[in-house]
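According to our numbering, the stretch in the first sequence is residues 6 to 473, in order.
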Amino acid sequence: MSALADRPVVTRFAPSPTGYLHIGGGRTALFNWLYARGRGGKFLLRIEDTDRERSTPEATAAILRGLTWLGLDWDGEVVSQFDRKDRHADVAHAMLTRGTAYKCFSTHEEIAAFRAASDASYAVFRSPWREADPATYPDAPYVIRMKAPRTGATVIEDRVQGRVIIQNETLDDMIVLRSDGTPTYMLAVVVDDHDMGVTHVIRGDDHLNNAGRQQMVYAAMGWEVPVWAHIPLIHGPDGKKLSKRHGATGIEEYQAMGYPAAGMRNYLTRLGWAHGDAEIFTTDKAIAMFDLDGIGRAPARLDFKKLENTCGHHIAMTDDAALLHELDGYLAAAHRPPLDAGQHARLRAAMPAVKERSKTFPELLDNAYFALNARPVLPDEAAARSLDSPGRDLIRALTPRLQSADWNKDALEPILTVFAAEQGVGFGKLAAPIRAALAGRTVTPSVYDMMLVIGQDETIARLTDAAA
RNA sequence: GGCCCGUUCGUCUAUCGGUUAGGACACCAGGUUUUCAACCUGGUAAGAGGGGUUCGACUCCCCUACGGGCUGCCA
């Protein structure tokens with residue numbers, strides 16, 4: 006095991022800025038963040054923007070927004086891989102000097118011809134320049150290739166996948182510096198991780214094979230290999246690779262759908278990782294519990310029902326002020342109109358009555374409908390039915406009794422139950438039209454909660470409206 | 001084609017040679033109730049298939065099937 010494992014932990018998240026922050030990327034970032042934060046280490050952010058064609062500043066901005074929303078803060082400045090291209094080229098040339106790399110003058114055509122001539126169309130390319138005398142070098146563009154060992158095996162000690170052995174003969178002499186002098190990913194990632202002092206590389210298992218190639222670069226430079234942890238990718242509910250047709254794949258879409266960040270973190274932490282029976286936990290607890298040993302090896306599927314359930318727990322356990330603040334962020338992300346000061350105050354008052362029954366922010370708002378909207382209350386279809394004749398008569402008869410009532414639950418409860426008994430109806434028969442009158446809905450929080458939240462005057466006004 | 005990884009209830013997972021294979025979500029039934037949600041109780045439901053090793057395999061080994069990844073002058 007690498008001695009880097011004993012040094013203060015440094016992890017990193019290194020997305021390429023070619024689109025929004027993918028939910029899989031978000032989880033990878035989360036795992037790196039949890040691991041670093043749980044060990045007093047650092048979590049670094051590097052943007053892999055060496056592909057100038059596909060990289061955009063908008064994508065970088067979207068990734069930073071996504072991480073910020075998820076609550077994943079990084080240490081230090083964001084590193085641009087492209088900015089480090091000179092350093093990468095220097096390392097490639099250092100490998101040349103060390104004799105662990107060589108100039109290859111083979112053209113695309115020659116490589117294609119090599120493959121065409123091989124019996125297997127996937128043959129590993131063997132460059133004729135590997136052992137060539139520099140005196141024979143033509144005056145032509147060249148790439149720098151690794152002089153990879155052709156015998157023996159490269160052993161990857163992975164904290165998730167275990168020991169993975171790759172026969173060196175199956176690997177080609179990969180290009181580290183392109184003919185235009187720019188580095189390839191395989192070189193840049195190693196140089197950057199080394200220079201940034203990364204001790205633990207936690208990333209998608211689509212890089213597992215690459216780790217073998219990258220280890221050759223570490224060896225070629227005499228650098229210490231980091232601790233590897235290749236985590237399985239996230240799949241769609243159907244078990245297939247996550248793609249657009251599964252619906253939301255971008256982290257920011259989840260914010261716009263109204264999932265609280267803490268719930269999202271909790272859900273994502275439990276997706277492909279477990280710690281005994283722990284299911285619902287705070288982020289602090291997650292930081293304390295998280296470890297590489299708890300990561301599974303099979304790809305996990307997204308389950309929106311469980312996401313919702315998890316988020317429901319978090320909405321219930323978050324304090325009102327924080328919830329209100331995050332709700333404002335949701336409204337903006339969803340392009341919904343912001344709440345005015347009055348609505349804010351009313352929602353705050355309604356919070357205890359609604360937070361335990363809401364799994365998402367849109368649901369919370371929906372449950373708080375009675376508090377947020379001023380008169381006149383417009384009943385929906387079902388509510389209108391419960392305000393038909395018997396219901397309306399009950400409301401009309403009840404309203405005067407509330408005029409002089411003390412406005413607290415202990416005082417109101419006997420008034421309503423006694424009234425229902427006098428009328429010879431069950432409490433439910435009375436509650437239905439009250440709900441309809443106060444909220445315009447048939448499904449609402451408790452009638453007492455609503456009456457107390459909107460107050461005596463408003464309650465009487467709404468009941469009077471409905472009885473008219 | 002080659003190489004690499006994976007496979008426990010529908011889903012997320014626990015188990016790290018000996019368990020009635022546990023928990024959570026979802027689902028079903030009952031309870032509570034003022035509607036819905038929540039909550040409480042109970043229930044249905046799993047080791048891909050086949051060979052080994054072993055007194056004993058979900059667990060270790062091999063094969064097959066299925067899924068995924070890599071095999072680029074993309075990352």
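C-beta atoms are modelled at their ideal positions from N, C-alpha and C, and glycine is treated no differently.
Endpoints, beta strand (DSSP E) assigned at residue i
| i | result |
| --- | --- |
| E162 | A158 to D163 |
| T16 | V15 to F18 |
| L50 | K47 to I52 |
| R168 | G167 to Q172 |
| I180 | I180 to L182 |
Identity of the residues DSSP links to residue i by a beta bridge
| i | result |
| --- | --- |
| L392 | L392 is not bridged to any residue. |
| G255 | H27 |
| C109 | V148 |
| I300 | W278 |
As assigned by DSSP and simplified to three states, the class of residue i
| i | result |
| --- | --- |
| H98 | helix |
| Q220 | helix |
| H240 | strand |
| G460 | coil |
| W233 | strand |
| K485 | Because the chain here runs from 6 to 473, residue 485 falls outside it and cannot be looked at. |
| G209 | strand |
| L399 | helix |
| K246 | strand |
| A305 | strand |
| N314 | helix |
| A346 | helix |
| T422 | helix |
| F375 | helix |
| Q428 | helix |
| D11 | helix |
Start and end residues, alpha helix (DSSP H) containing residue i
| i | result |
| --- | --- |
| H199 | Y190 to D200 |
| F87 | Here F87 belongs to no alpha helix (DSSP H), and DSSP marks it neither H nor E. |
| M262 | Neither: M262 is in no alpha helix (DSSP H) and is coded neither H nor E. |
| D289 | T288 to M294 |
| H330 | D325 to A338 |
| G227 | It is not in any alpha helix (DSSP H) - G227 carries neither H nor E in the DSSP assignment. |
| G43 | Taken as a continuous stretch (DSSP letters only), G43 belongs to no alpha helix (DSSP H), as it is neither H nor E. |
| F432 | F432 to A444 |
| R70 | P62 to L75 |
Status (buried if at least 16 other CB within 10 Å, exposed otherwise) for residue i
| i | result |
| --- | --- |
| S391 | buried |
| G71 | buried |
| A99 | exposed |
| M6 | Residue placement at M6 is poorly supported in this model, since its pLDDT is 47, which falls under 50; the coordinates still yield a value, given next. Result: exposed. |
| P62 | exposed |
| T467 | Note that residue 467 corresponds to Arg in the displayed sequence, not to Thr. Burial call: buried. |
| P20 | buried |
| K152 | buried |
| N413 | exposed |
| T175 | exposed |
| K47 | buried |
| T112 | exposed |
| Q260 | buried |
| Q220 | buried |
| L9 | buried |
| A267 | buried |
| D411 | exposed |
Residue j beta carbon less than 8 Å from that of residue i
| i | j | result |
| --- | --- | --- |
| V181 | A97 | yes |
| H199 | H235 | no |
| T404 | T447 | no |
| R302 | H240 | no |
| Y223 | V232 | no |
| M294 | D325 | no |
| D257 | A339 | The identity of residue 257 in the sequence shown is Glu, whereas the question assumes Asp. Going by C-beta atoms, E257 is not nearer than 8 Å to A339. |
| T156 | G217 | no |
| T187 | K246 | no |
| V359 | L369 | yes |
| A379 | V458 | no |
| L377 | Q408 | no |
| A122 | R150 | no |
| L35 | D80 | no |
| F130 | D197 | no |
| R51 | R17 | yes |
| R32 | L276 | yes |
| Y272 | T365 | no |
| L352 | L329 | yes |
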